[in-house]
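670 is the number that numbering that gives the first Met the number 0 gives the last residue of the first sequence; the numbers go up by one with no jumps. Think of the CB as a built atom: it goes at the ideal place given N, C-alpha and C, for glycine as much as any other residue. Note that the structure is a prediction, hence the values are computed from the model and not measured. Notes for the one structure printed next.
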Amino acid sequence: MQRKRLALYSRFLMAYTCCLTCSRAPERVIYWFRTDLRLHDSPALKAALDLKPDVLYPIWCWDSHYVYRARVGNNRWQFLLDCMDDVSKSLTNLNGKSKLLVLREPAVTLLPKLLKAWKITHLVFEKDTDSYGRDRDSEIISNAKKAGVEVVTKYGRTLWDSDDLVKANGGKPTMSITQLQHAGEKVGAIPLPVATPVTLPDLGGLQLDFAQNQPDGTPDMNAKYRDGEEASYSAGIAGPNNDFAVPTLKELGLKPATTHIRGGENIILPRLEQILSDEDYTGTFEKPKTSPAAFEPQSTFLTSPYLHLGALSCRYFYHRVGEILEKRRKAKQPVSGPPVSLHGQLLFRDMYFAAQAALGWSFGQTYNNSAIRFIPWHLPSKVDVNTKLITGEYEIDDERKEKEFQRWASGKTGFPWIDAIMRQLRHEGWIHHLARHAVACFLTRGGCYISWERGAEVFEELLVDHEAACNIGNWQWLSCTAFYSQFYRCYSPVAFGKKWDDNGDFIRRYVPELKDLPKKYIYEPHKAPLQDQKRAGVSITGDGEETEMDGVAVYPKPMFDFNTQRDICLQGMKKAYQVKLHGNSPQVLDGTWKSIFEDTGAGPTEGEKGGPGGTLGFGKAEEEDADEGSATPKKTTQGTSQPTPRSTRGHKREHSQGTLDGVFTKKRAKD
DNA sequence: CGGAGAGTTGAAACC
DNA sequence: CGGTTTCAACTCTCC
């Protein structure tokens, strides 16, 4: 009783002393940073400061989902930590007593305890329309409200609020850039940037009178990037020095990053300024005219990773470019327009975000996705037919295809243009947009005929700019399953590269074993006579297993005849387009699609003999209450009982639309 | 100078 | 924001 009175009195005193001009209670605000790691043009951060808080806690919830269960290579980890460090320094610059407080516990379990411990009045964060983000945030919001904490969210992640776009598009996913533009017109003008804060309230007390929930570290999908123990949770909520510092790669047990791309608002803003100062380049930018083979420097802005983590505001970028366009129009200088211009690129991003916002979890998969064409790809995702969600595993319907997939992912296909791109991706975490086209087409409709979902997973792991909506959307585009349909426009692994880089400098840089090969053979080294191979110090042989033989570097032979494979793919695509099934067609949902595609005539599909095309648990397996160990239906044959190197057994794939935080498991898909 | 033949270019059709 | 083939139209060269 005594204590309570004291608390009341001190609360009164605080109110009195904190705010002499008004009689309101002290505002104790948490600003929860997520994919908005910046201070400039942040509507949500502005909303937090507009509350005129007495204390402001800028926090980051350290998420097990991101640490263990999303595919995040060490390059993206480095980039994320860079951005966090950068924001923390910016906060300290505004107020020497403030910084980004990293709390080593996922938001869902942490926030309810934290709101209480720090007597929080308001929780403020940027709205997220990723499916995972929605699930997580709705739980956070409902818990906060129950605890009497006011929740404030603002939207600043895309040009328009994705939910508004969906509404303006009749509740349907935006499947073309025209739809997106019309929806955008209905929603209204793209909000102008808000001011960057110049002051920042102090932190309040940092007492942590509650226990830490240490999340389950298994399965650890990023184990292959670790050379030490993952220890980011074991030091407690405030970290090893009890100072809420941003963790290091070392603490995560991760190997050092190989990329030279570093994160942070304070890196991208000056660089953006520099690029924008070239008004001819900015004003006439046309994406298709920029070279995928250019490196050091690349031919485009390289803003995507910064946009993803919010280190650069897309609206700020949009309006800055708009000013330049306006100026040029007045001066009657040439300007480029959507879809090829810079504005066009940002519109595509909004299109993918809004499509995802409309479709939810199903956007990230073929099964039960109403907006996607069904194509009987090899290596399809396994599906839990009860939840209608993919499990994170995939069906190996053909061992040769699995081998091709691994060779593609590791840059050992024997097609130097493809391999150079995949090696650049692995090393730098970034490749040019058209390079993504080339390797994505190659893996799916224009080469291997392997599911786009396999490719999307590899990109998710390796790209520093991985953004679920854009990655998924672009893979659907390139595989001609959604957004785009001209499947006969097929990229050649030889001709397309040559068009941009006849000398093969890009290949020489990323596939160094070929660097001394004559220009004549650089795109097709297997055609080089043995004498030329010898002179160049490389032997073109094998299937990628060997990297060296008798002291001589080895580069593999092409893993198939491209033209033959291209014809097979075209036939398969033509058939699939005639059949006209979609991800949510009854025949896809129940697995009877297999009777529609013949073993031979349907191109590459294995038909009845192959995997069920992503229907794990379909049919008999359920009735026969299949033993836990192998939940694979009997009708699937070869390879399916073996765990695949890239998949995790028995666990849902939770990552593909994940944001950076949370401990959620997927919920049942909406029907 | 005309015309044959080789070489080049670009649009169109097809995959 | 595809590649390849084809074919007409054109240029160039040579006698």
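Residue environment, residue i, which counts as buried when at least 16 other CB atoms sit within 10 Å
i	result
arginine 534	exposed
methionine 548	exposed
lysine 411	buried
arginine 133	buried
leucine 191	exposed
aspartate 40	buried
leucine 529	exposed
threonine 631	Note that threonine 631 scores 33 on pLDDT, short of 50, meaning its location in the model is unreliable and no value can be drawn from it.
aspartate 201	exposed
histidine 64	buried
alanine 47	buried
threonine 299	buried
proline 25	buried
tyrosine 126	In the sequence under discussion, the amino acid at residue 126 is lysine, which differs from the tyrosine named in the question. Buried, by the Cβ-count rule.
valine 28	buried
alanine 146	exposed
threonine 331	Correcting the residue identity first, residue 331 is lysine in this sequence and not threonine. Exposed: under 16 other Cβ atoms inside 10 Å.
alanine 188	exposed
tyrosine 522	buried
glycine 227	exposed
Simplified DSSP state of residue i, which is helix, strand or coil
i	result
phenylalanine 316	helix
alanine 439	helix
valine 578	helix
valine 463	coil
proline 528	coil
leucine 55	strand
tyrosine 15	At tyrosine 15 the pLDDT is 38, less than 50, meaning the model places this residue with poor confidence; the figure from the coordinates comes in the next sentence. Helix.
isoleucine 471	helix
isoleucine 266	helix
isoleucine 236	coil
isoleucine 595	coil
isoleucine 449	strand
isoleucine 430	coil
methionine 700	Here the chain comprises residues numbered 0 to 670, so residue 700 is not present and cannot be evaluated.
threonine 157	coil
aspartate 84	helix
glutamate 272	helix
isoleucine 506	helix
lysine 326	helix
isoleucine 521	coil
glycine 606	Residue placement at glycine 606 is flagged as unreliable, the pLDDT there being 43, under the threshold of 50; a coordinate-derived value is accordingly withheld.
isoleucine 260	coil
Beta bridge counterpart(s) of residue i as assigned by DSSP
i	result
histidine 121	Val28 and Glu149
cysteine 677	Lying outside 0 to 670, the shown extent of the chain, residue 677 is not represented and no answer is given.
glutamate 547	Ala552
serine 538	Val553
leucine 253	Arg225
Through-space distance from residue j to residue i, alpha-carbon basis
i	j	result
arginine 328	glycine 321	10 Å
phenylalanine 284	lysine 573	35 Å
leucine 580	threonine 365	11 Å
serine 175	alanine 167	14 Å
phenylalanine 414	lysine 556	8 Å
lysine 497	glycine 503	7 Å
glutamate 544	arginine 399	14 Å
valine 66	proline 255	16 Å
glycine 262	leucine 516	36 Å
glycine 204	leucine 55	10 Å
leucine 164	methionine 220	34 Å
arginine 675	phenylalanine 458	The question about residue 675 has no answer, for the chain in this structure spans 0 to 670.
valine 463	leucine 306	11 Å
serine 584	alanine 575	13 Å
leucine 114	alanine 237	16 Å
arginine 68	serine 97	31 Å
asparagine 73	lysine 223	10 Å
leucine 358	arginine 103	32 Å
proline 218	lysine 249	20 Å
lysine 118	lysine 387	41 Å
valine 587	serine 380	13 Å
Proximity test, residue i beta-carbon vs the ligand NAD heavy atom, cut-off 8 Å
i	result
tyrosine 520	Absence of the ligand NAD is noted for the structure shown, with no ligands found whatsoever.
| Start-end ranges of the alpha helix (DSSP H) lying completely within the segment 170-226, minimum 4 residues | With a minimum length of 4 residues, the continuous alpha helix (DSSP H) runs that stay inside the segment 170-226 are 176-186.
| Complete runs of the alpha helix (DSSP H) confined to the segment 337-409 [at least 4 residues] | Listed in chain order, they are 341-358 and 398-408.
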